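Numbering (my numbering), first residue to last: 198 to 491.
Okay, so here's the structure we're looking at.
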């Protein structure tokens, strides 16, 4: 039986791309712009229109590292333009000498979260390590400022993530796309055992995104069984939805529709956590911004 739509929807994983490349020059980490940002860019005005169409209250604008590298100016300017609808997540190079200073800078520009981009489709830097000691000052600064840190990596990077979770137990780490685990073997999802083993770390949170929505239908996997396994292992209060719009193809309304359909087997309370309560717990600014916009 499908439960009612959650009382509020917050999307923790979206990207915006500016129309003005002179004001916001391209500088992708790999030197090559991602296909999605070139083929279906979404400006902040487009994002607001898509949110209104989908019925989404607020979103996190996550720095598009495959378009702008670590220059999060467009994210910062977008948040400043509509702080009632947007929060912002900037990115840094962990091992850069000025990484801790860059955290302070973007924090001062009004952004609420940080992203570490280790492995992605376009800008994967396989030489970089999440647990490189050169990055420890940046992790220490994030811990001192209580900044949630989004991490994008794949299964082979999970041992590095575990090192960070142990060394910095007060840093709330938000794992993008569940680290794209292999799910096609179906329950009990033994191929994703290295991911589920990290549940012992209470500072680890997970983004349930369109990648997971779609990949949990492959092979012997089902959306209901994967979500049940994830919630039973991690607890629903550590899972938050993100559309990955527009990097994942489809309108924002259609991506939300896919996510709502995929969670139809969950209880109403579980859906409330996934679609907005976990997000508010991670980013209290969402509540403050909502109150200002009311």
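Think of the CB as a built atom: it goes at the ideal place given N, C-alpha and C, for glycine as much as any other residue.
No experiment lies behind these values; they were computed from the predicted model shown.
- Distance between residue 248 and residue 451, taken at the CA atoms: about 11 Å.
- At a Cβ-Cβ threshold of 9 Å, residue 221 and residue 295 do not count as neighbours.
- Annotation for residue 340: the continuous alpha helix (DSSP H) segment containing it runs 333-342.
- Residues 210, 211, 212, 286, 312, 347 of the same chain have their beta carbon placed closer than 7 Å to that of residue 259, with the five preceding and five following residues left out of the count.
- Here the alpha carbons of residue 405 and residue 420 stand approximately 11 Å from one another.
- Between residue 426 and residue 385 a beta carbon distance of about 6 Å is seen, short of the 8 Å cut, so the two are scored as contacting.
- Only residues of its own chain outside the window of five on either side were considered, and among them 362 have a CB closer than 6 Å to the CB of residue 398, listed in chain order.
- Between residue 375 and residue 400 the beta-carbon gap is near 16 Å, outside 8 Å, which marks them as no contact.
- Within a 10 Å sphere around the beta-carbon of residue 360 sit fewer than 16 other beta-carbons, which makes this residue exposed.
- Closest option to residue 339, judged by alpha-carbon separation, among 357, 443, 302: 302.
- For residue 266 against residue 224, the beta-carbon gap comes to about 4 Å, under 8 Å, which counts as contact.
- Taking C-beta atoms as the reference points, residue 479 and residue 371 count as a pair closer than 9 Å.
- Residue nearest to residue 356 within the set 292, 326, 255, 299 is 326 (criterion: CA-CA distance).
- Taking C-beta separations shorter than 8 Å and ignoring five residues to either side along the sequence, the partners of residue 428 in its chain run 436, 463, 467, following chain order.
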